[in-house]
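What follows is one structure encoded as structure tokens, with my remarks underneath.
Protein chains: 2
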Amino acid sequence: MRKNKKSIEMEKCLKTQGFRMTLPRRVILDFLSKTDEHLLAKDIYLKINKNHPDIGLTTVYRTLDLLVKLSLINKFEFGEGQSRYELTWDLKEHHHHLFCLKCGKIIDYNDFIDDEVKFFTKIQKFLSKKYKFNIQNHEVHFYGKCNQCHELLH
Amino acid sequence: MRKNKKSIEMEKCLKTQGFRMTLPRRVILDFLSKTDEHLLAKDIYLKINKNHPDIGLTTVYRTLDLLVKLSLINKFEFGEGQSRYELTWDLKEHHHHLFCLKCGKIIDYNDFIDDEVKFFTKIQKFLSKKYKFNIQNHEVHFYGKCNQCHELLH
DNA sequence: ATGTTAATGATAATCATTTTCAATAAGGAG
DNA sequence: CTCCTTATTGAAAATGATTATCATTAACAT
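Chain order of the listed sequences is A and B.
Per the working numbering, the very first residue in the first sequence carries number 1; after that it's consecutive.
Per the working numbering, the very first residue in the second sequence carries number 1001; after that it's consecutive.
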């Protein structure tokens, strides 16, 4: 197994928090650290299964839960009835998603225009105060049709 | 059954589109039109079940699907593993949600500050162009802790 | 090297949602 | 108003994602 910077960083985080470094966790971390897709638990299980047929789906779910808890990955839902996971980017690379309702394609969007970041900071401050709500994070999902799907309909 | 303006409006929409007006549909429409909560299918089923024990959960699901298709209601997910439904507000009352990760409380937020609406219009135009993506709608979810839950922790 | 105990994997359980299919009822035609 | 077609319904079973159980295994502190 080849480890990259990101997966080593994640391993360190696990250890620091007192979790054991096991083969399944290493494999899953390594795999996640090398993809920028928004994967289903099953996707991850199937990909890993080729080289590691002894790692079960249950363990994939458990590891994903753990990584979410440690904020190393994010869990999303786009109304598909199942969850998608992706590596957490650095803070400055906070991003939003475009989801194609036709084919399920997901586009990451993080080239914020103008003062978009400043804007959300402002909204959050306003909401926190008005609704006495301790906001931890936000998600913005844009739904519609991607280029290809839109053209197919014409 | 007492019908209000909103439910009559919704009935009309169904009929116009060629769907039959049945008792279960009328009951569900009437119930939905009188609540501003974000309900689970099961919630709706249970509430209705008191007066209409013959209306099944399956029919509730089917009716909700239909209403979503007709854009009369919206379907949301907040990472709970089940969907929530709410009446579609008028366009000018487009709103976003604050979701309490502790107790599941949902707060509607539609008193947009400054030019928030203008801002989203601008973002959408930018994204549509850059990613050649036909955006139909967007969702903004703020996650955190509501007042009560936050105080409980201190 | 070893003992403690967290982590795993196989299996079964759970839970939301969907499918199936025979019975019913909406609503147009006569 | 009655009949006919067919959309809609309800009960039950099926599906599919995720979680719980529990005996076995392996991490890692000592």
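Just so it is clear, CB atoms sit at the ideal spot from N, CA and C, and this is done for glycine as well.
Fair warning: this is a prediction, and the values are worked out from it, not measured in the lab.
Just checking, does the stretch 1094-1107 of chain B make contact with the stretch 1141-1150 of chain B on the three C-beta pairs under 8 Å criterion?
Yes, they touch.
Rank A:D65, A:T88, A:W89 and A:L72 by C-alpha distance to the C-alpha of G1079 (chain B) and give the top, closest one.
With distances taken between Cα atoms, G1079 (chain B) lies closest to A:D65.
Can you grab the Cα-Cα spacing for the pair N74 (chain A) / G1018 (chain B), in whole Å?
Approximately 43 Å, taken between the alpha carbons.
List, in chain order, every chain A residue whose beta-carbon is nearer than 9 Å to that of H1150 (chain B).
Correct list: K132, F133 and N134.
Taking Cβ-Cβ distances shorter than 8 Å, what residues in chain B pair up with K145 (chain A)?
Under the 8 Å cutoff, chain B gives F1133, N1134 and Q1136.
Got a sec, what are the start and stop residues for the alpha helix (DSSP H) R84 (chain A) sits in?
In the DSSP assignment, R84 (chain A) falls outside any alpha helix (DSSP H) and within the unbroken beta strand (DSSP E) covering R84 to L87.
If you compare alpha carbons, which of A:D115, A:K130, A:W89 and A:K125 is closest to H38 (chain A)?
Among A:D115, A:K130, A:W89 and A:K125, the Cα nearest to that of H38 (chain A) belongs to A:W89.
A41 (chain A) to D30 (chain A) span [Cα, whole Å]:
Rounded to whole angstroms, A41 (chain A) to D30 (chain A) spans 15 Å at the Cα level.
Cβ shell of L32 (chain A) (< 7 Å), same chain only, five flanking positions each side left out:
Hits under 7 Å: I73 and L87.
Contact criterion: CB-CB distance below 8 Å. Does K75 (chain A) meet it with respect to chain B?
Cβ-Cβ to chain B under 8 Å: yes for K75 (chain A).
So, is the C-beta of E139 (chain A) closer than 8 Å to a C-beta in chain B?
So, interface residue.
With three or more C-beta pairs closer than 8 Å as the rule, is the stretch 108-116 of chain A touching the stretch 1122-1135 of chain B?
Result yes; three or more Cβ-Cβ pairs closer than 8 Å.
Can you give me the C-alpha to C-alpha distance between K1125 (chain B) and I1048 (chain B), rounded to a whole angstrom?
Taking C-alpha positions only, K1125 (chain B) is separated from I1048 (chain B) by approximately 42 Å.
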